[in-house]
Every structure is written in structure tokens, then in C-alpha cells.
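Under the working numbering, residues 31 to 377 are what the sequence shown spells out, in order.
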Amino acid sequence: MTDDDGRAGASPAAPSTRATSDFPQASRPGAASDADQPVLAAPLPAGYRLEAYTIDCEISGGGFGRVYKARDAEGTTVAIKEYLPLGVVERMEGGAVRPLSDRDRGVFRYGMRCFFEEGRALANLRHPNVVRVTNFFRANDTAYMVMHYEHGKTLQQLIQHEAGPMHEGFVMAAFIQLLNGLREVHTRKLLHLDIKPANIYIRKDRSPVLMDFGAARQALVQGPPAIAPMYTPGYAAPEFYKGRDRLGPWTDIYSIGASLVCCLSRRPPPPADQRLKEDTMVPVAQAYAGTYAQPFLELIDTMLAVNYLERPQSVFALQKRLVELARESEKARPGLLSAIKQTLGLE
Ligand SMILES: Nc1ncnc2c1ncn2[C@@H]1O[C@H](COP(=O)(O)OP(=O)(O)O)[C@@H](O)[C@H]1O
Ligand SMILES: [Mg+2]
Numbered sequence: 031m032t033d034d035d036g037r038a039g040a041s042p043a044a045p046s047t048r049a050t051s052d053f054p055q056a057s058r059p060g061a062a063s064d065a066d067q068p069v070l071a072a073p074l075p076a077g078y079r080l081e082a083y084t085i086d087c088e089i090s091g092g093g094f095g096r097v098y099k100a101r102d103a104e105g106t107t108v109a110i111k112e113y114l115p116l117g118v119v120e121r122m123e124g125g126a127v128r129p130l131s132d133r134d135r136g137v138f139r140y141g142m143r144c145f146f147e148e149g150r151a152l153a154n155l156r157h158p159n160v161v162r163v164t165n166f167f168r169a170n171d172t173a174y175m176v177m178h179y180e181h182g183k184t185l186q187q188l189i190q191h192e193a194g195p196m197h198e199g200f201v202m203a204a205f206i207q208l209l210n211g212l213r214e215v216h217t218r219k220l221l222h223l224d225i226k227p228a229n230i231y232i233r234k235d236r237s238p239v240l241m242d243f244g245a246a247r248q249a250l251v252q253g254p255p256a257i258a259p260m261y262t263p264g265y266a267a268p269e270f271y272k273g274r275d276r277l278g279p280w281t282d283i284y285s286i287g288a289s290l291v292c293c294l295s296r297r298p299p300p301p302a303d304q305r306l307k308e309d310t311m312v313p314v315a316q317a318y319a320g321t322y323a324q325p326f327l328e329l330i331d332t333m334l335a336v337n338y339l340e341r342p343q344s345v346f347a348l349q350k351r352l353v354e355l356a357r358e359s360e361k362a363r364p365g366l367l368s369a370i371k372q373t374l375g376l377e
């Protein structure tokens with residue numbers, strides 16, 4: 031199955047129609063009328079006191095939980111992610127959650143361990159282009175991750191607002207910065223594994239933030255595959271489908287390439303499992319010739335190579351090539367490099 035974000039993979043367990051009286055109703059993301067779909071437990075209501083935080087409203091609900099806008103004791107706005115796996119728990123009076131069955135209890139605990147690992151990994155990572163985790167705690171028989179609240183929109187939302195390809199200078203600058211953040215992630219022996227425009231946030235100052243390390247937990251924790259690894263068709267590299275022992279930095283680089291294709295065409299390339307059977311994908315350099323500089327389009331094609339060995343092998347190598355391209359494009363299109371430098375804060 032897939033969730034709001036088009037993600038596939040996670041979703042064990044039985045549906046629930048039970049709801050508590052004082053709390054908002056549970057919901058079925060993306061399938062409001064289908065009674066057979068698993069239910070996402072009800073959100074915490076506005077005004078709810080969660081340790082030192084007060085919930086303002088829900089921002090989003092997906093396969094692994096809900097994200098709220100909230101305020102801390104000083105009144106500063108924060109984002110709080112609640113571990114609330116779809117179809118596995120229900121909300122009780124007062125806010126605590128409870129697994130729907132004994133089988134769900136095992137799934138819930140395993141996922142919680144993963145959620146903790148995600149929080150721990152992110153809590154140690156401070157980078158302007160990676161979402162900043164400031165607190166992590168247990169309450170309501172589940173777990174919460176507190177983050178800096180970012181003002182902006184997801185790249186996915188920005189793409190949806192454009193009629194055609196996104197501006198080349200913006201795309202280059204945003205991705206060069208985003209790769210700074212991803213490099214830091216890889217340096218810590220973590221892979222993101224779910225990079226896509228919906229998980230790339232663009233602040234109002236146009237700088238990007240990589241968020242949602244929900245899939246990264248799969249790389250961290252060895253354990254029973256109670257919750258199938260998350261991946262998003264179109265953005266997930268071929269090694270997700272065949273040869274999972276080959277996941278590496280090049281796997282995230284494939285998803286970066288697929289996200290760039292989405293900036294060009296508003297949709298990702300064909301799913302990699304299809305490409306593995308019969309690769310009918312027209313090279314980006316051919317399909318989108320004339321939109322972005324030709325060497326940039328060719329670089330996107332190398333990121334999307336089905337064979338992982340043919341992709342740039344490290345974020346550093348990719349970044350170096352992108353900066354070279356930005357310099358070359360500058361000769362053809364004066365102003366591009368200075369736009370990029372400005373976005374990078376170099377000017
Ligand atoms: N730190 C944050 N600041 C502002 N909005 C956020 C923050 N974290 C998440 N969000 C919002 O919640 C949405 C879902 O968050 P995400 O981490 O992608 O979780 P998931 O996709 O697993 O539900 C994001 O697309 C964004 O709109
Ligand atoms: Mg997400």
C-alpha cells in the first residue's frame with residue numbers, strides 16, 4: 031500500500047474503528063471512505079499539555095505518525111513528531127496510546143526502538159540543512175521528537191505550484207546546499223533512504239532542509255522485518271527491490287536524481303522495479319534537452335543509472351561536479367553563479 035506521500039512498505043495490522051469520546055476522530059490517510067484501510071489513531075487536540083509543551087494543531091499525519099505545531103515553556107514554536115504507526119495503535123482517553131492486539135504490541139515496540147534510534151542519530155547532528163532535533167521523550171506510552179519549527183513549504187508543494195520546470199539557478203543552489211546536509215548524514219554512517227521532494231523543506235529564505243529520517247532507522251537497526259522498510263516508488267533506487275546489501279551513498283544519490291527529475295517534469299522517473307525488468311526511461315538529457323544546461327541534464331542521468339556503480343559514488347564527488355557545472359553555466363548565463371553564491375551565503 032502507499033500513504034499520502036506515495037510511500038509503500040509500512041503497514042502491518044488490522045483496521046480500527048474505535049474512537050475515544052473527548053479526542054478528535056481517528057483517520058485513514060488518503061482513503062477516508064474505505065472501511066478496510068488501516069486507521070491512524072486520533073491526533074492530540076489543540077491545547078493539550080504534553081510535558082512542557084502545548085499542542086497548537088496538527089500539521090500532518092502519515093504512515094509512522096503525526097506532526098504537530100506546538101509551543102514550549104518559553105512560548106517558542108516547535109514541531110513535535112509523535113510515533114503513531116498506522117493501523118497499530120488507538121488513542122485512549124487522556125492521550126495514551128494502546129496497541130490494537132498482541133501482535134500489534136510486538137510491531138509497535140520494534141517500531142518504537144527504531145524511532146528512538148532515529149531521534150538519537152538526529153539529536154547529535156547539527157547542520158543548517160538537516161532538520162534540528164532539540165528534545166526526545168516518552169509520554170502517553172509512545173515517543174515524541176521535538177524539532178525546530180521551520181517556516182516554508184516542501185519542495186513538492188513548490189513544484190506543484192509551477193506550471194513548468196523549476197528555475198535552474200534555484201534548483202542548482204538548493205541541491206548544492208542540500209548535499210552539504212546529506213554529506214554530514216553520510217559522514218555519520220547513516221543513509222536517509224527516503225529522499226524526495228515531500229521530504230525536502232524549502233525555508234522562506236530559499237535554503238533547503240532535509241527532513242523525515244523515518245526510513246533511515248531501517249539502516250540503523252538490525253531486527254525482524256516487522257515493519258517493512260519504507261520506500262517511495264519512483265524515488266527508490268533499484269537496489270531497494272533487488273540486492274538490498276548494496277545500499278550505500280549512491281542509493282540516496284539516485285533519489286536526489288529522481289527529485290531533480292521531479293523539479294523538471296513534476297513527476298519522478300518510472301519506478302525502479304519496472305526499470306529493472308525493462309528500462310524504457312528516455313534519458314533526461316534527451317527528454318528535457320533545452321530546459322537546463324546539457325551537462326547538468328547529463329549529470330542527472332548518471333545519478334539515475336540502474337547500475338549503482340555507474341552513479342557518482344559519494345556526495346562529495348557529486349557536489350564537486352555540480353559546482354563545476356554551475357561555473358560553466360555561468361559562462362553561458364551570467365548571473366547564475368552569483369545567484370547560487372548568494373543562496374549559499376558566499377556573497
Ligand atoms: N520541523 C518541522 N517544521 C515545520 N514543519 C514540519 C517539520 N517537520 C515536519 N513538518 C511538516 O510535517 C510534514 C511531515 O513530516 P515528515 O517528517 O516528512 O513525516 P512523515 O512523512 O513521516 O509524516 C512535512 O512535510 C512538513 O510539512
Ligand atoms: Mg515525509
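Every residue gets a Cβ at the ideal spot worked out from N, C-alpha and C, and that includes glycine.
One residue list follows from the rule of a beta carbon closer than 5 Å to any heavy atom of ligand 2, given in chain order as Asn229 and Asp242. Exposed is the label assigned to Cys87, since fewer than 16 other Cβ atoms lie within 10 Å of its Cβ.
Residue state for Ile283 is assigned as helix, using DSSP reduced to three classes. Per the coordinates, the alpha-carbon of Ala173 lies some 6 Å from the alpha-carbon of Glu112. Gly95 and Leu339 have their C-alpha atoms roughly 35 Å apart.
In the displayed model, Thr217 falls within a helix according to three-state DSSP.
Nearest neighbour of Leu290 by Cα position, chosen from Leu221, Asp235, Ala203 and Lys219, turns out to be Ala203.
If you compare the alpha carbons of Pro238, Gly199, Arg168 and Pro115 with that of Ala356, the shortest gap goes to Gly199.
Glu180 has its Cβ nearer than 6 Å to a heavy atom of ligand 1. Three or more beta-carbon pairs separated by less than 8 Å link the segment 159-176 to the segment 67-85, which places the two stretches in contact. In the three-state scheme derived from DSSP, where H, G and I count as helix and E and B as strand, Arg168 is classed as strand. DSSP places Thr84 in the strand class (E or B) of the three-state scheme. In terms of CA proximity to Gly105, His178 leads the group Leu116, Glu192, Arg156 and His178.
Residue environment for Thr217: exposed (fewer than 16 other C-beta atoms within 10 angstroms of its C-beta). In the DSSP assignment, Thr332 falls within the unbroken alpha helix (DSSP H) covering Gln324 to Met333.
In this chain, Val239 is not harboured by any alpha helix (DSSP H); it is covered by the beta strand (DSSP E) spanning Pro238 to Leu240.
In the structure shown, Val345 falls within a helical segment according to DSSP collapsed to helix, strand and coil. Minimum Cα-Cα distance from Arg133 among the listed residues Ser359, Glu147, Tyr98 and Gly117 corresponds to Gly117.
In terms of Cα proximity to Cys292, the closest of Glu123, Asn210, Tyr261 and Gln186 is Gln186.
DSSP assignment within the segment 125-177 yields the following whole alpha helix (DSSP H) runs of 4 residues or more, N-terminal first: 132-153.
In this structure, the beta-carbon distance from Lys234 to Gly182 falls below 7 Å.
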